[in-house]
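First to last, the sequence lines map onto chains Z and X.
The opening position of the first sequence corresponds to residue 823 in the numbering used here, with each subsequent residue numbered one higher.
The opening position of the second sequence corresponds to residue 823 in the numbering used here, with each subsequent residue numbered one higher.
Note that CB positions come from ideal geometry on N, CA and C, so glycine has one too.
To start, the structure under review is shown below, and the notes come after it.
Number of protein chains: 2
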Amino acid sequence: MPKPIAVVLLSGGLDSATTVAIAAAEGYEAHAMSFDYGQLHSVELAAAARVARAAGVTRHLVLRIDLGRIGGSALTDPNIQVPKGRGADAMGSDIPVTYVPARNTIFLAYALGWAEVLGASDIFIGVNALDYSGYPDCRPEFIEAFEKMANLATRKGTQEGRPIRIHTPLVHLTKAQIIARGLSLGVDYGLTSTCYDPGPDGQACGLCDACSLRLKGFAENGLRDPVTYVAR
Amino acid sequence: MPKPIAVVLLSGGLDSATTVAIAAAEGYEAHAMSFDYGQLHSVELAAAARVARAAGVTRHLVLRIDLGRIGGSALTDPNIQVPKGRGADAMGSDIPVTYVPARNTIFLAYALGWAEVLGASDIFIGVNALDYSGYPDCRPEFIEAFEKMANLATRKGTQEGRPIRIHTPLVHLTKAQIIARGLSLGVDYGLTSTCYDPGPDGQACGLCDACSLRLKGFAENGLRDPVTYVAR
């Protein structure tokens, strides 16, 4: 029997690298999807390509989309500063300026379209509701609502057998648990890129929310993060 | 008091031209959003610009997105033929090849992002569940599910006052009723473009599903469609 196909959203960060490894370990043939959305930290797209290659995905589709023209986020607007030094414990209580309006809704909508063309019923996304930045579109209640909508939106959902399922294998894990899980599956985190505001050669800043969470996760495993940080 | 802002999805066709007129008549300040999504019938973008100008929208944002690379539709893939001569009565019983996987989900996701940046709670889309081609993402149950999801996806939905509302003023109207409504609001349907497979100068084919429905709607009002059709 051929493996079922899954569309996996792949940013090139630590979470999505773990997610694609989990999809493969669960017996799916992974098709990875990334977005060139005007993110200022576009080094993550090079990371996504490295991760996709290492994970042996069947295809890696990178779509160029125009989120920057909608604006409203520090990740797409050079005039909005990425916050630094908040520390992992201060996060989650408010929605920070790095939030990109409706980003996960847009990414999942594309994944849904591609899944439909591929005849796939399964979509994986590495959202996390525990060690996260407080984005509303990372919460399980959002994912559930998206899944319901997806099954009404599509030919697949309305006419054919198996319903569409949005898999969120990381949603209830801490960053430390995500890293431990990925390492047990052979993920090379040295290939990934997490920082919101990397240096010219892709070095992580070590101070933004994403870096803070990542460093805490490695520290809690008693490990050193394999990526390069800006020297201070 | 300033008018509330609404994001209106504008394809440049008959339905969306009517929808933007309705949004204005209901007291909204309309911001129109269109997509250059690799549609083979891209003359509709010129129509969208004409309609936006005539409707006096505050801004008309055209986003270039990569739906063509996902494929799977006669509207984006030149190798899939647009069906002709099915007649308006044969439609609605199956999902035709002109269906673009997850298109309305993707369009609404972008509208949601823009609404969030604009501080708007209202999104208008001219879907129609009566005289339509049988697309799953035109049905009221899809729109309701999207609205629920939208209110969980966003800063607006989760933190601030008025919930997000997806307005579908045409959903229960026949094509003839839509045209009558639009004419009463002063819509110039000569500016619009509906055809899935227009000629080189933008003339409508008169035979695709979209043309069939449109012609029937004008005929039922005892009117002649003001756009130009390919001579036969």
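Going by DSSP in three states, residue i sits in which element: helix, strand or coil?
i, result
"Tyr932 of chain Z", "helix"
"Ser833 of chain Z", "coil"
"Arg1003 of chain Z", "helix"
"Glu963 of chain Z", "helix"
"Ser1015 of chain X", "coil"
"Ala1026 of chain Z", "strand"
"Glu848 of chain Z", "coil"
"Ala942 of chain X", "coil"
"Lys997 of chain Z", "helix"
"Ile892 of chain X", "helix"
"Leu883 of chain Z", "strand"
"Met823 of chain X", "coil"
"Ser864 of chain X", "coil"
"Ala1031 of chain X", "Note that residue 1031 of chain X is Asp in the sequence shown, not Ala. Asp1031 of chain X falls in the helix class under three-state DSSP."
"Arg987 of chain X", "strand"
"Ala828 of chain Z", "strand"
"Ala876 of chain Z", "helix"
"Ala975 of chain X", "helix"
"Ala924 of chain Z", "coil"
"Ala870 of chain X", "helix"
Express the C-alpha separation of residue j and residue i in angstroms, rounding to a whole number.
i, j, result
"Ile1001 of chain Z", "Phe1040 of chain Z", "7 Å"
"Ile988 of chain Z", "Lys970 of chain Z", "10 Å"
"Pro1020 of chain Z", "Lys906 of chain Z", "12 Å"
"Pro826 of chain Z", "Thr880 of chain Z", "12 Å"
"Ala1026 of chain X", "Val904 of chain X", "13 Å"
"Asn950 of chain X", "Gln999 of chain X", "11 Å"
"Leu862 of chain Z", "Gly834 of chain X", "33 Å"
"Asn1043 of chain Z", "Leu952 of chain Z", "17 Å"
"Ala942 of chain X", "Arg984 of chain X", "9 Å"
"Ala1032 of chain Z", "Tyr921 of chain Z", "12 Å"
"Val1049 of chain Z", "Asn926 of chain X", "40 Å"
"Pro1022 of chain X", "Gly860 of chain X", "16 Å"
"Ile844 of chain X", "Arg875 of chain X", "15 Å"
"Asp944 of chain Z", "Val842 of chain Z", "12 Å"
"Asp1047 of chain Z", "Ser864 of chain Z", "20 Å"
Does the Cβ-Cβ distance between residue i and residue j come in under 8 Å?
i, j, result
"Pro1064 of chain X", "Leu974 of chain Z", "Coverage of chain X is limited to positions 823 through 1054, which leaves residue 1064 of chain X absent and any answer about it impossible."
"Thr990 of chain Z", "Pro962 of chain Z", "yes"
"Gly894 of chain X", "Val939 of chain Z", "yes"
"Ala877 of chain X", "Ala852 of chain X", "yes"
"Leu1037 of chain X", "Phe946 of chain X", "no"
"Val935 of chain X", "Ile965 of chain Z", "The sequence shown places Gly at residue 935 of chain X, rather than the Val named in the question. Contact: no."
"Leu885 of chain Z", "Arg891 of chain X", "yes"
"Asp837 of chain Z", "Gly948 of chain Z", "yes"
"Glu866 of chain Z", "Ser1015 of chain Z", "yes"
"Gly1028 of chain Z", "Val993 of chain Z", "no"
"Gly1004 of chain X", "Thr840 of chain X", "yes"
"Ala924 of chain Z", "Thr976 of chain X", "yes"
"Met855 of chain Z", "Leu889 of chain Z", "no"
"Ala967 of chain Z", "Ala931 of chain X", "no"
"Tyr1018 of chain X", "Cys1030 of chain X", "yes"
"Ile986 of chain Z", "Ala937 of chain Z", "yes"
Notebook entry, point to check: Can we say the segment 891-898 of chain Z touches the segment 864-882 of chain Z, given the rule of at least three CB pairs closer than 8 Å?
Noted result: no
Note to self: Against chain X, which members of the segment 871-899 of chain Z pass a CB distance test of less than 8 Å?
What the structure shows: Leu883, Leu885, Arg886, Ile887, Asp888, Leu889, Arg891, Ile892, Gly893, Gly894
Checklist line | the segment 948-972 of chain Z: positions lying closer than 8 Å to chain X by Cβ | finding: Pro958, Asp959, Arg961, Glu963, Phe964, Ala967, Phe968, Lys970, Met971, Ala972
Next item on the list: May I ask you to list, following chain order, the residues of the segment 915-931 of chain X that have a beta carbon less than 9 Å from some beta carbon of chain Z?
Entry: Asp916, Ile917, Tyr921, Val922, Pro923, Ala924, Arg925, Asn926, Thr927, Ile928, Phe929, Leu930, Ala931
Checklist line | Residues of the segment 827-843 of chain Z with Cβ closer than 7 Å to any Cβ of chain X, in chain order | finding: none
Item checked: chain Z contacts made by the segment 854-865 of chain X, where a contact means CB separation under 7 Å -> none
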